[in-house]
Amino acid sequence: MQLPRGTFCAIRKNEEIAGLLLELEQSKFTGICSLSFRAGKATVVFSLGSCILAEIPGKTGDPASTGLMAMAGEKADAALSTLDATQVRLALDFNATCRTTTLTGQVVRTPPAARPAPDPAFASSPRDLDESFFESPADVTPPVKPAEVIDEK
Numbered sequence: 005m006q007l008p009r010g011t012f013c014a015i016r017k018n019e020e021i022a023g024l025l026l027e028l029e030q031s032k033f034t035g036i037c038s039l040s041f042r043a044g045k046a047t048v049v050f051s052l053g054s055c056i057l058a059e060i061p062g063k064t065g066d067p068a069s070t071g072l073m074a075m076a077g078e079k080a081d082a083a084l085s086t087l088d089a090t091q092v093r094l095a096l097d098f099n100a101t102c103r104t105t106t107l108t109g110q111v112v113r114t115p116p117a118a119r120p121a122p123d124p125a126f127a128s129s130p131r132d133l134d135e136s137f138f139e140s141p142a143d144v145t146p147p148v149k150p151a152e153v154i155d156e157k
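Sequential numbering from 5 applies to the sequence shown in the numbering used here.
Structure below.
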C-alpha cells in the first residue's frame, strides 16, 4: 500500500489481533495500523473506527480482511499512526484495490443469534417518548448542587 506518513501515536506489543481491532473500532480511530505477526505483516487503515483499507501478504481488500478475521486470535505487534481527513482521502485514492467493506465489527462481535433477547420490561421505542411529556423547560428540575464540605479543624 502507498500511504501518507501520518502522525505516530503508539506501538503495541503482543496484542491479540481481534482485541486490538475492536479497540480501534470502538475508539473511532482514524489512521494506520501496521501489524507484524508470525505469518508476516498486515496494514489496516481506519476512518472513524471503520476499516476502509486492508492488506496482508498476497491479498488486498475484502480477501485481506477475511484473512485477518481468520487470524483474529493470534498475537501481533502494532504500530499506530493517525491520519487527518485529507490523508484518508489520499490513502483511498492511491489504494483502490485495497478497499474493504467486511472487516469492521465482524472479527470480534458476537453473532446476533448468540445475543440474549432484550427484556421486554426494559424495551422502549421512540414512540414511548411523547413530546408532550414536558410542557416547557420550566418542567425540568434543575440539578441539585452538592453540599459544601466544611473542614473543621
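Just so it is clear, CB atoms sit at the ideal spot from N, CA and C, and this is done for glycine as well.
Everything numeric in this text was worked out from a predicted model, so none of it was measured.
Counting along the chain, the unbroken alpha helix (DSSP H) around S69 starts and ends at 66-74. With a cutoff of 8 Å on beta-carbon distance, L57 and C102 are scored as near each other. Beta-bridge annotation (DSSP): V49 is paired with I36, L57.
With contacts defined by Cβ atoms closer than 8 Å, I60 and G71 form a contacting pair. The C-beta separation of A80 from E19 comes to about 6 Å, placing the pair in contact by the 8 Å criterion. One thing to note: A82 has its Cβ within 8 Å of the Cβ of L24. With respect to the C-alpha of I21, the residue from K32, M5, T47, V92 having the closest C-alpha is T47. Contact between G65 and F50 is absent: CB atoms are separated by about 15 Å, not below the 8 Å threshold.
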